[in-house]
Amino acid sequence: MKHLLFNNNSSVAYDDSDVDDIKVFIDGKLHDFKESKDNRIDYATATKRNKYAQTLNNQFENLILLTGAGSSIGWGTAGKVGKSMADLWDDTETLLTKVVFDKLLSAIKYEETWNDGTIIKNLEKVLSMATPAIPYVTKAEIDIEDCVNKIKDFIKNACQLDLPSNSPHVLLLNKITKRKVTLPRFKLFTLNYDLMFEQAACESNFVIVDGFSFSHPRTFSGRNYDYDIVSRNQSRVKEEDNFIQKVFHLYKLHGSVNWEKIDDKIIQKGNPINPLMIYPHQSKYESSYEQPYFEMMSRFQTNLRKENVFLITVGFSFGDKHIVTAIIEALEQNPSFQLMIINRGIDETNENLKPFIDAAKKYSNISIVSETFEDFAKSYPDLKSYNQDDTRQIVINIPNS
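Heads up, this note's numbering is the position in the sequence shown plus 28, with the first residue counted as 1.
Next comes the structure, spelled out in structure tokens:
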């Protein structure tokens with residue numbers, strides 16, 4: 029049985045064990061196709077998308093999107109694309125050479141394997157074990173500090189990505205921000221270091237409130253999130269602010285490739301030597317108590333506690349303890365909180381997702397959807413009633429003299 033959508037009130041699944049008689053189950057009941065020759069898997073997929081689109085058509089007072097690596101994997105230009113942890117493992121092995129990488133794993137006693145004996149490619153755990161081992165392993169055996177620094181530099185460079193022309197980031201931003209301007213701004217929280225969403229916003233003429241000042245150098249201060257952008261017409265009759273369209277909040281929970289700390293200030297700059305990033309390791313929870321991560325995390329927790337909150341997660345593995353803890357607290361303590369998890373597949377053996385899959389079977393405010401980031405962006409409902417058409421742009425081509 030392959031599940032496409034889980035919810036206490038609604039579900040979609042299909043059984044293709046018999047390719048000549050594929051069975052589709054809608055809300056737990058076998059669907060009767062009668063004499064229809066329609067592709068049954070396509071029918072199940074379309075039904076799934078119709079169901080979650082009905083939910084997304086509602087105007088939630090507080091709309092939040094949380095994205096992880098899954099929103100960057102496979103996207104980029106000139107052959108340089110976002111990579112999974114397994115891909116980064118393979119590239120790290122090539123970078124250090126297999127001999128050195130094997131020495132590193134042996135020195136830190138990394139012995140994680142699957143049931144069939146193959147190694148589990150968990151680069152995050154390697155960094156978690158290697159970093160504290162630096163003072164205790166002699167350089168004559170292996171220079172662990174050098175290995176760790178090379179891995180971190182490689183990860184930093186791997187996140188220097190350019191947005192492709194067919195990017196779903198642009199499409200999703202244009203759809204998900206179509207809201208009544210009187211509602212709180214849409215908030216995007218991301219665990220990714222890359223600038224995909226910033227580039228998408230620039231391409232579509234958005235204004236991002238990201239915690240940094242609008243003056244140069246762009247300097248971080250949490251209070252910048254409390255400001256908004258309005259149009260104040262001199263000839264207005266009513267004393268009220270006109271909130272402009274195409275504005276959203278961006279929070280980068282694990283840092284960014286264009287953040288750097290200089291003295292006691294955090295600024296944005298192009299290609300900093302030492303970007304502020306929480307690299308993959310199991311002490312990310314502790315690192316999140318430092319600025320600017322603490323501000324980002326506290327904003328995430330505060331927003332999850334508000335009334336009528338709808339959180340959508342896309343490409344998030346649910347492996348980050350501090351993020352998962354905040355989401356669980358919202359589910360347990362906030363009666364108006366709703367959660368939709370968009371994941372490439374629904375795998376009930378996945379230890380990170382299984383508690384949420386089990387909860388989705390019991391509670392109607394949790395939905396698990398099997399969908400890629402690209403297809404989710406395409407299937408997200410486009411609310412025409414809140415259109416954000418750009419002012420017509422005039423392009424004048426002057427011939428070269």
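The beta-carbon is built from N, C-alpha and C at its ideal position, and this holds for glycine as well.
- The alpha helix (DSSP H) runs lying completely inside the segment 101 to 142 and spanning 4 residues or more are 113 to 124 and 126 to 135, given in chain order.
- A straight line joining the alpha-carbon of threonine 377 with that of valine 258 spans about 48 Å.
- By the 16-neighbour rule on beta-carbons within 10 angstroms, threonine 400 is buried.
- Under DSSP, lysine 289 shares a beta bridge with Ile294.
- In the DSSP assignment, methionine 224 falls within the alpha helix (DSSP H) that extends over 224 to 231.
- In the structure shown, asparagine 299 falls within a coil segment according to DSSP collapsed to helix, strand and coil.
- Here DSSP, grouped into helix, strand and coil, assigns methionine 29 to coil.
- Counting other Cβ atoms within 10 Å of its Cβ, arginine 260 stays below 16 and is therefore classed as exposed.
- Beta bridge pairing from DSSP links histidine 277 with Lys215 and Val237.
- Bridge pairing for methionine 368: Ile340 and Ser395 [DSSP].
- Contact annotation: the segment 197 to 205 touches the segment 228 to 246, with at least three C-beta pairs closer than 8 Å.
- In this structure, the straight-line span from the alpha carbon of glycine 96 to that of alanine 72 is close to 26 Å.
- Rounded to the nearest angstrom, the gap between the Cα atoms of phenylalanine 384 and isoleucine 50 is 27 Å.
- Under the criterion of beta carbons closer than 8 Å, glycine 239 and proline 320 qualify as touching, at roughly 7 Å.
- Ranked by Cα distance from glycine 102, the options Val40, Glu288, Asp190 and Ile172 are led by Asp190.
- When the alpha-carbon of asparagine 177 is set against those of Pro192, Gln188 and Val154, the nearest one is in Val154.
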